[in-house]
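What follows is a single structure, written as structure tokens, with notes after it.
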Amino acid sequence: MISHAAIIGGGVIGAGWAARLIENGIDITIFDPAKDAEAKMQAVLDNADRAYARLTMAARLRKGSVRFTGSIAEAVDGAQLIVESVPERLDIKQSVYAEIEKSASKDALIASSTSGIMPTDLQAKMETPGRLIVAHPFNPVYLLPVVEIVGGRATDAAMIARAMEFYAGIGMKPIHVKKEIEAFVADRLLESIWRESLWLIKDGICTTQELDDIVRYGFGLRYAQMGVFETYRVAGGEAGMRHFMAQFGPCLTWPWTHLMDVPEFNDELVDLITEQSDAQSGHHSIRELERIRDDNLVAIQQALKVNDWGAGQVLAAYEKKLFDAGAKSTGDIDVSRPIRTMERTIPVDWTDYNNHMNEARYLQCFADASDAFMRMIGVDAAYIAEGGSYFTVETHIRHLAEVKANEPVEVKTRVIEGKGKKLHLFHELFHRDGTLLATGEHMLLHVSLKSRAACDPAAEILAKLEPIAAAHAALAAPEGLGRAVGQKR
Ligand SMILES: NC(=O)C1=CN([C@@H]2O[C@H](COP(=O)(O)OP(=O)(O)OC[C@H]3O[C@@H](n4cnc5c(N)ncnc54)[C@H](O)[C@@H]3O)[C@@H](O)[C@H]2O)C=CC1
Ligand SMILES: C[N+](C)(C)CC(=O)CC(=O)[O-]
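So the sequence shown is residues 290 to 778, counted in the numbering used here.
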């Protein structure tokens with residue numbers, strides 16, 4: 290189990306790793322010699338926090354701590370995982386490993402973020418090379434699930450297995466690239482597009498804007514949900530892959546590509562690309578572009594989750610883990626007071642033209658709280674799969690105060706009645722500063738999902754529910770209980 294990780298190199302990728310690790314409750318210590326490293330990392334952590342607030346409906350885990358250190362020795366002290374994200378130069382990486390090895394625990398996993406250097410070369414001068422792997426992530430590391438795991442000749446198989454399990458546990462999709470090659474798999478693909486793109490601009494065929502539009506309005510949308518081969522299988526029509534290859538295979542020999550011929554990176558090319566890119570995107574700051582990118586990635590992954598497909602399945606599995614972590618047994622719950630059933634930061638897209646949380650989202654907060662309470666009493670995925678659940682049959686919400694985007698809220702829930710098929714809940718939505726924002730009173734009925742009719746819950750559910758109901762019956766009735774709209778007509 291990894292509870293403390295060191296990050297060596299806190300640039301674009303180190304900061305992305307930092308965000309993903311702390312989101313998963315892992316404490317991190319960082320070393321980066323750059324003076325502005327801390328400020329730059331904080332900006333990435335802020336954007337990541339904003340993205341995570343929208344990524345999942347589940348309560349997030351307690352965040353890990355972040356501490357900047359003055360040396361590699363201090364950063365790696367006690368770390369079970371060391372993430373190396375220093376510049377893409379073999380000599381720099383090897384000298385960093387020499388420093389790491391002086392102070393790190395002998396069984397700490399060392400994971401390089403390199404985009405293409407072979408792990409055998411990285412580990413060539415190490416004393417204990419068996420624990421070095423490549424874990425090649427994709428920017429933004431905190432949102433994109435895939436990570437290529439590559440071992441070198443000296444890497445222990447046990448370290449690969451440990452890495453595969455660890456990265457899957459933090460909401461990622463680790464792919465073990467079993468044959469070591471430069472640039473692994475993804476960057477072989479990305480570099481070929483990048484090379485070809487540079488030629489298309491240099492040769493004046495299109496602008497950076499036109500090229501990007503061709504990607505984002507076209508095949509880029511396909512690639513978010515199917516890869517090269519599944520996409521082309523479909524493109525072959527009923528006749529499938531064999532027909533596709535017969536039809537389009539021959540054109541691969543036509544002189545359509547510059548392949549390994551890389552355009553010279555002279556001032557003229559750099560100026561041309563930079564000027565066009567500035568004209569295309571210069572009206573947004575990098576941080577704004579990151580937020581636009583993050584919002585789109587969140588929306589795409591949520592859509593894929595609804596369709597139970599690809600990266601959406603990874604998100605669903607991660608969300609289930611978060612829900613399970615939140616669904617404590619009733620033995621751990623203090624039933625002498627209302628139970629905290631939901632906490633989250635209000636996502637930006639929950640707000641409306643009045644610049645506050647839209648009324649519908651108040652119900653979402655209460656519905657999520659009811660779901661969490663159901664899991665607490667054992668009405669979890671397994672119970673629902675067996676055919677029992679609760680349906681809400683009546684709701685009364687009082688909107689008492691506004692709440693804005695990115696503000697922290699929590700729901701406290703008390704059971705008014707929990708007997709037989711009836712579950713009467715009273716939720717209070719609070720701002721983290723203690724302001725009562727809304728109340729929600731809900732009547733739920735236990736149902737059989739087979740007959741769709743009300744019925745008593747299983748005995749083990751009642752055994753958890755009834756003691757909570759009894760304890761909450763001893764509390765003073767909450768203000769607003771039983772309220773109707775009450776306007777005279
Ligand atoms: N930027 C990208 O899109 C991706 C980069 N990578 C890989 O991640 C690694 C880091 O790349 P970026 O984060 O993009 O670079 P970056 O330039 O943003 O960050 C590198 C950081 O390392 C720090 N550094 C330099 N020497 C150091 C040392 N001796 N000890 C500790 N820190 C040191 C620098 O101050 C800088 O903050 C590279 O191996 C790169 O190939 C992997 C996936 C994507
Ligand atoms: C440009 N790059 C080679 C460093 C890119 C990557 O390695 C992966 C990514 O995030 O595109």
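We treat Cβ as the ideally placed atom computed from N, Cα and C, and that holds for glycine.
CB residue i to CB residue j, shorter than 8 Å?
i, j, result
"Phe719", "Val704", "no"
"His716", "Met732", "no"
"Ile361", "Val385", "yes"
"Tyr672", "Val736", "no"
"Leu738", "Lys711", "no"
"Arg511", "Ala332", "no"
"Ile628", "Lys701", "yes"
"Gly769", "Arg664", "no"
"Gln369", "Ser292", "yes"
"Ala307", "Ile319", "yes"
"Ala450", "Val372", "no"
"Thr684", "Leu652", "yes"
"Glu390", "Thr417", "yes"
"Met534", "Arg522", "no"
"Met330", "Gly359", "no"
"Val624", "Ala760", "yes"
"Phe427", "Val439", "no"
"Leu754", "Ile622", "no"
"Gly526", "His532", "yes"
Could you check if residue i is buried or exposed, using at least 16 other CB atoms within 10 Å of its CB as the buried criterion?
i, result
"Val559", "exposed"
"Glu632", "buried"
"Gly441", "buried"
"Leu432", "buried"
"Tyr456", "buried"
"Lys414", "exposed"
"Asn313", "buried"
"Trp598", "exposed"
"Ile317", "buried"
"Tyr607", "buried"
"Asp321", "buried"
"Arg778", "exposed"
"Gln412", "buried"
"Ile494", "exposed"
"His465", "exposed"
"Leu479", "exposed"
"Thr630", "buried"
"Ser394", "exposed"
"Gly707", "buried"
"Ser404", "buried"
Who pairs with residue i in a beta bridge, going by DSSP?
i, result
"Asp316", "His293"
"Gly677", "Ser737"
"Thr684", "His731"
"Ala588", "Its beta-bridge partners do not exist; DSSP assigns none."
"Thr724", "Paired residues: none, contrary to the question."
"Gly707", "Leu712"
"Ala743", "Val736"
"Lys701", "Arg629, Glu717"
For this session: At 4 residues or longer, and completely inside the region 429 to 464: list those alpha helix (DSSP H) runs for me, N to C.
Result: 446 to 458
For this session: Enumerate, from N- to C-terminal direction, the unbroken alpha helix (DSSP H) stretches of 4 or more residues contained entirely within the region 355 to 439.
Result: 361 to 365, 379 to 392, 408 to 411
For this session: Taking 8 Å as the threshold, find out whether the region 584 to 597 comes into contact with the region 641 to 658 through three or more Cβ pairs.
Result: no
Exercise. Considering only residues of the region 612 to 669, which uninterrupted alpha helix (DSSP H) runs meet the minimum length of 4 residues and lie entirely inside it, listed in chain order?
Worked result: 648 to 665
Problem set entry | Three-pair Cβ contact test at 8 Å for the region 346 to 355 versus the region 377 to 393 | no
Exercise. Where in the region 302 to 347 do unbroken runs of the alpha helix (DSSP H), each at least 4 residues long, occur, reported from the N-terminal end onward?
Worked result: 326 to 344
Problem set entry | Cβ contact (3+ pairs, closer than 8 Å) linking the region 414 to 423 and the region 385 to 401 | yes
Exercise. Is it a yes or a no for the region 633 to 641 touching the region 471 to 483, going by three-plus beta-carbon pairs under 8 Å?
Worked result: no
Exercise. Between the region 486 to 500 and the region 451 to 463, do at least 3 Cβ pairs fall closer than 8 Å?
Worked result: no
Exercise. On the three-pair Cβ rule with 8 Å, is the region 725 to 740 touching the region 649 to 663?
Worked result: yes
Exercise. Considering only residues of the region 490 to 556, which uninterrupted alpha helix (DSSP H) runs meet the minimum length of 4 residues and lie entirely inside it, listed in chain order?
Worked result: 497 to 503, 509 to 512, 517 to 524, 529 to 537
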